[in-house]
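Visitor: Here the sequence shown is numbered in full-length UniProt numbering, starting from 1 and rising by one per residue.
Beta carbons: idealized from backbone N, C-alpha and C, even for Gly.
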Amino acid sequence: MWGRERRGPQDQVVAARMNAFFGHLTRQQRADPQEVARCYAIDLAQHRGRLLAGKHDSRSPYYVGLSAGPADFIRVTKRVTLVTDTMLLTEHRGSAHQLGLRSAFPGVPGNAPAMARAARERYAVVSEDLAALGCWLLDAEPLLRTGLAWFCPQYVTGRALPNFRTEQLPAGTVEVADYLIEHGRAVDLSTAKPLASRVVRPVLEIDLPFLDGLSLADFARVTREEFDSYRLFRDFMRARLLELDGALEAEDSQVQLERLALAIREEVEAARTSLTTASRTRALTRAGAVVSSTGALLAAVRPDALAGALATTTTAVSGLAGLWPVVQAYADRARGHQGKWHYVWVLHRKAP
1 MWGRERRGPQ DQVVAARMNA FFGHLTRQQR ADPQEVARCY AIDLAQHRGR LLAGKHDSRS
61 PYYVGLSAGP ADFIRVTKRV TLVTDTMLLT EHRGSAHQLG LRSAFPGVPG NAPAMARAAR
121 ERYAVVSEDL AALGCWLLDA EPLLRTGLAW FCPQYVTGRA LPNFRTEQLP AGTVEVADYL
181 IEHGRAVDLS TAKPLASRVV RPVLEIDLPF LDGLSLADFA RVTREEFDSY RLFRDFMRAR
241 LLELDGALEA EDSQVQLERL ALAIREEVEA ARTSLTTASR TRALTRAGAV VSSTGALLAA
301 VRPDALAGAL ATTTTAVSGL AGLWPVVQAY ADRARGHQGK WHYVWVLHRK AP
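1) Put threonine 81 into one of helix, strand or coil per three-state DSSP.
2) Which stretch, first to last residue, makes up the beta strand (DSSP E) that contains leucine 180?
3) Does DSSP classify alanine 124 as helix, strand or coil?
4) To the nearest angstrom, how far is the alpha carbon of tyrosine 124 from that of valine 156?
5) Would you mind giving the Cβ-Cβ distance between leucine 180 and lysine 78, rounded to the nearest angstrom? I have them listed as a contact below 8 Å.
6) Write down the C-beta distance between threonine 90 and alanine 20 rounded to the nearest angstrom, noting that I regard them as a contact closer than 8 Å.
7) Do you know offhand how far valine 83's Cα is from arginine 27's?
8) Just how far apart, CA to CA, sit histidine 97 and alanine 263?
9) Would the stretch 198 to 212 and the stretch 49 to 60 be scored as touching if the rule is three or more Cβ pairs under 8 Å?
10) What is the DSSP secondary structure of histidine 92, counted as helix, strand or coil?
11) One question on the structure: do alanine 15 and glutamate 141 come within less than 8 Å of each other, judged by their Cβ atoms?
12) Using the three-state DSSP reduction, which class does glutamine 98 fall into: helix, strand or coil?
13) How far does the alpha helix (DSSP H) with arginine 59 in it extend, from its first residue to its last?
14) Measuring alpha carbon to alpha carbon, tell me which of Arg17, Ser253, Leu347, Val13 ends up nearest proline 209.
15) Tell me the rounded alpha-carbon separation between tyrosine 40 and leucine 148.
16) Suppose contacts are defined by Cβ-Cβ distances below 8 Å. Is leucine 51 in contact with tryptophan 150 by that definition?
17) In the DSSP assignment, find the alpha helix (DSSP H) that holds serine 197 and state where it starts and stops.
18) Classify aspartate 11 as helix, strand or coil using the three-state DSSP reduction.
19) Helix, strand or coil for leucine 214? Go by DSSP, reduced to three states.
20) Under 8 Å between the Cβ atoms of tyrosine 63 and threonine 81?
21) Specify, as a first and last residue, the run of the beta strand (DSSP E) that glycine 158 falls within.
22) Could you round the C-beta distance between leucine 138 and arginine 30 to whole angstroms and report it? I think they count as a contact, below 8 Å.
23) According to DSSP, is proline 303 part of a helix, a strand, or is it coil?
24) What is the DSSP secondary structure of leucine 25, counted as helix, strand or coil?
25) According to DSSP, which residues form a beta bridge with phenylalanine 151?
26) Write down the C-beta distance between phenylalanine 236 and lysine 340 rounded to the nearest angstrom, noting that I regard them as a contact closer than 8 Å.
27) Assign leucine 130 to buried or exposed, taking buried as 16 or more other Cβ atoms, counted over all protein chains shown, within 10 Å of its Cβ.
28) So, is alanine 271 buried or exposed, given that buried needs 16 or more other C-beta atoms within 10 angstroms?
29) Rounded to whole angstroms, what is the Cα-Cα separation between tryptophan 345 and valine 268?
30) Which residues in the same chain have their Cβ closer than 6 Å to the Cβ of proline 153, if we skip the five residues on either side of it in sequence?
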């Protein structure tokens, strides 16, 4: 199913690595979220540096790193993906989950002493909940394969392993994360980009009802399948959030955020009503009309020439007159799929 995707990935390096990883996962491994997380951590240990270099070199102000606990993964992913080009997620506390042995001196040259080349050390991935991490990886798979998101593991090695537990930021976390998620809010770290802060922080606070009750798996699948519409909506969200005045006091800022939420809610509801009505109209039209493959092809090529002829054709079902409404319905459907609100409409339909 992944091979039929025609659109290019958001971040090609991330997408290539994620496709390689998920492509090698067996059905048995997928059945165990903890095993998925372990396999991912082992795989990323070899490629983490290259992916981080890509983030460092990226010219996009919307390539954002966030450090959060597993309890926040789903909420953060569904919201931050609405405004970022690529989201890096990592953890800043947890226990050590051993992965095995690896070279104590990675990248050691071939002419180094044999002892250095043969040296091995134990290493582990740091996580509060390995099973939750594995579930996130599986549910967010479409986002990772598209280069919209990835998880950057934190590792500990050697003597640090016995009884390892940290409530502090492990060395290197600040280097990969721009924001620390605490109590559902983003705290800027030293590497945060000013432009990204203008959209990341408010998107975590604004009321977005169309995300309520929506599973991460459905969100990720819809985002990938409706990628063009998603990108239009992402641009819309950025533009509206950038209109907020970041210099306002906290109370005034909340008022401004609520006004924006109400405006978005009104636009979402209007679009939902319009698209739902259009969908029902198309369904009724299709139920009451028989379109031959030849007629559909000609209509697509020369709709102006066929409009008059089609308008006089009677349907075989339900007494509906005219084949032209069918052609028009398909045109409306194509336009709907290109609009930013189609993405939100599909998300809304997926929510319980």
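Guide: Let me spell this out:
1) Secondary structure at threonine 81: coil, using DSSP grouped into helix, strand and coil.
2) Its beta strand (DSSP E) spans residues 179 to 182.
3) Residue state, collapsed to three classes: strand.
4) The sequence shown places alanine at residue 124, not tyrosine. Rounded to the nearest angstrom, the two C-alpha atoms are 5 Å apart.
5) For a cut-off of 8 Å, the C-beta gap from leucine 180 to lysine 78 is around 19 Å, too long to register as a contact.
6) Their Cβ separation, rounded to whole angstroms, is 20 Å, which puts threonine 90 and alanine 20 out of contact at 8 Å.
7) Distance between the alpha carbons of valine 83 and arginine 27 is about 33 Å.
8) Their backbone Cα atoms lie some 46 Å apart in a straight line.
9) When C-beta atoms of the stretch 198 to 212 are compared with those of the stretch 49 to 60, fewer than three pairs fall below 8 Å, so the two segments do not count as touching.
10) It is coil, neither helix nor strand.
11) In this structure, alanine 15 lies away from glutamate 141, with their beta-carbon atoms at least 8 Å apart.
12) Here glutamine 98 sits in strand by DSSP.
13) Run containing arginine 59: none; DSSP gives neither H nor E here.
14) Checked all of Arg17, Ser253, Leu347, Val13; the closest Cα to proline 209 is Leu347.
15) Distance between the alpha carbons of tyrosine 40 and leucine 148: 17 Å.
16) Their beta carbons are under 8 Å apart, which means leucine 51 touches tryptophan 150 by this criterion.
17) Where serine 197 is concerned, the enclosing alpha helix (DSSP H) starts and stops at 194 to 203.
18) If DSSP states are grouped into helix, strand and coil, aspartate 11 belongs with coil.
19) Three-state DSSP puts leucine 214 in coil, outside helix and strand.
20) Not closer than 8 Å, so no.
21) That residue, glycine 158, is in no beta strand (DSSP E); it is neither H nor E in DSSP.
22) Indeed, because the Cβ distance is near 7 Å, the residues count as touching under 8 Å.
23) For proline 303, the predicted model reports a pLDDT of 49, less than 50, meaning its position is unreliable and no value from the coordinates is stated.
24) Looking at leucine 25 - three-state DSSP - the assignment turns out to be coil, as it is neither helix nor strand.
25) Looking at the DSSP assignment, phenylalanine 151 forms a beta bridge with Leu89.
26) The C-beta separation of phenylalanine 236 from lysine 340 comes to about 5 Å, placing the pair in contact by the 8 Å criterion.
27) So leucine 130 ends up on the buried side.
28) Its Cβ being crowded by 16 or more others within 10 Å, alanine 271 is buried.
29) If you take the alpha carbons of tryptophan 345 and valine 268, they lie about 8 Å apart.
30) Excluding residues within five positions, the ones whose Cβ falls inside 6 Å are Ala41, Leu44, Val125.
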